[in-house]
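Written below as structure tokens is the structure these notes are about.
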Amino acid sequence: MSGRDPRSRRELGKQRRPRAHLCWGHLTIAPLWPLHGANLGTLLRTCDAVGACLAVPRWPWVKQALARGNTLRHRSCVHWVNDPVRWLQRQAAAGHAIVGVELVDGACRLADLPMAREPTIVVLGHEQTGIPVAALDLVGTAVEIPMVGTGMSLNVAVAGSLVAYKLAGMI
Ligand SMILES: C[S@@+](CC[C@H](N)C(=O)[O-])C[C@H]1O[C@@H](n2cnc3c(N)ncnc32)[C@H](O)[C@@H]1O
1 MSGRDPRSRR
11 ELGKQRRPRA
21 HLCWGHLTIA
31 PLWPLHGANL
41 GTLLRTCDAV
51 GACLAVPRWP
61 WVKQALARGN
71 TLRHRSCVHW
81 VNDPVRWLQR
91 QAAAGHAIVG
101 VELVDGACRL
111 ADLPMAREPT
121 IVVLGHEQTG
131 IPVAALDLVG
141 TAVEIPMVGT
151 GMSLNVAVAG
161 SLVAYKLAGM
171 I
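Number 9 in UniProt numbering belongs to position 9 of the sequence shown; there are no gaps in the numbering.
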């Protein structure tokens with residue numbers, strides 16, 4: 001025994017919820033213009049881990065990608081969105097905070113982003129073109145994840161997962 005023995009699946013299972021969380025609508029991760037299905041599968045697992053919902057466009061391949069990417073016994077709550085910009089307008093009008101994860105002027109750094117204290121939508125951009133301007137106009141808080149490498153940006157599922165953990169108050 002090293003004192004650092006890996007926990008068994010049984011032990012981990014006892015620490016987790018016995019079933020999927022209900023839709024609290026407190027934190028919703030919204031990759032509304034996805035390009036790659038694999039990123040949606042990754043974000044679905046993050047949603048389960050932090051107790052968030054996932055909002056995705058109602059496109060046929062998205063449904064298939066989520067079914068393929070669901071490696072969990074229970075899957076998180078998924079909201080299907082017909083028109084992303086109008087949906088964001090409705091969420092804002094209903095009092096949800098809209099957090100845009102994007103490299104834009106005036107964005108706060110991830111370390112300075114406080115835990116979500118009100119229902120919050122986390123908007124993620126398209127893998128190649130980012131968040132469309134019409135949606136950026138609806139963002140109340142923009143957050144950027146600092147980088148020191150040579151790449152221009154992070155993978156969208158990595159960026160979304162980091163922000164989800166921070167807003168959930170789990171890191
Ligand atoms: C691969 S990036 C898109 C980059 C795109 N080429 C552009 O210039 O807008 C996909 C999405 O991941 C998120 N993202 C990636 N890196 C980020 C970072 N360092 N800070 C904040 N968001 C980031 C944003 O939501 C972005 O729209």
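Ideal Cβ positions, reconstructed from N, Cα and C, are used throughout, including at glycine.
Cβ-heavy atom distance, V85 to ligand 1, below 7 Å: Position 85 of the sequence shown, counted from the first residue, corresponds to residue 85. Result no, Cβ not under 7 Å from ligand 1.
Opening and closing residue of the alpha helix (DSSP H) in which W61 lies: Position 61 of the sequence shown, counted from the start, is the residue given in the question as residue 61. Note, W61: alpha helix (DSSP H), P60 to G69.
Exposure label - T28; buried when at least 16 CB within 10 Å: Counting from 1 along the sequence shown, the entry for residue 28 is found at position 28. By the 10 Å Cβ count, T28 comes out buried.
Unbroken stretches of the beta strand (DSSP E), 3 residues or longer, contained in the segment 56–139: 78–81, 97–101 and 120–124
Cβ-based neighbour list, L136, same chain, cut-off 8 Å, excluding 5 preceding and 5 following: Along the sequence shown, one-based indexing puts residue 136 at 136. These residues qualify, in order along the chain: G100, E102, V104 and A142.
Distance, G13 Cα to L32 Cα: Residue numbering aside, residue 32 sits at position 32 when the sequence shown is read from its first letter. Residue numbering aside, residue 13 sits at position 13 when the sequence shown is read from its first letter. Their Cα atoms are separated by approximately 32 Å.
Heavy atom of ligand 1 within 7 Å of residue 177 beta-carbon: Outside the shown range of the chain (1 to 171) lies residue 177, about which nothing can therefore be said.
Closer than 7 Å: A159 CB and nearest ligand 1 heavy atom: Position 159 of the sequence shown holds residue 159. Yes; taking the cut-off as 7 Å, the Cβ of A159 has a heavy atom of ligand 1 nearer than that.
Validate contact between the segment 42–56 and the segment 157–164 using beta carbons, cut 8 Å, 3 pairs: These segments touch.
Span of the alpha helix (DSSP H) around V163: Along the sequence shown, read from residue 1 onward, the residue named residue 163 stands at position 163. Start and end: V156 to L167.
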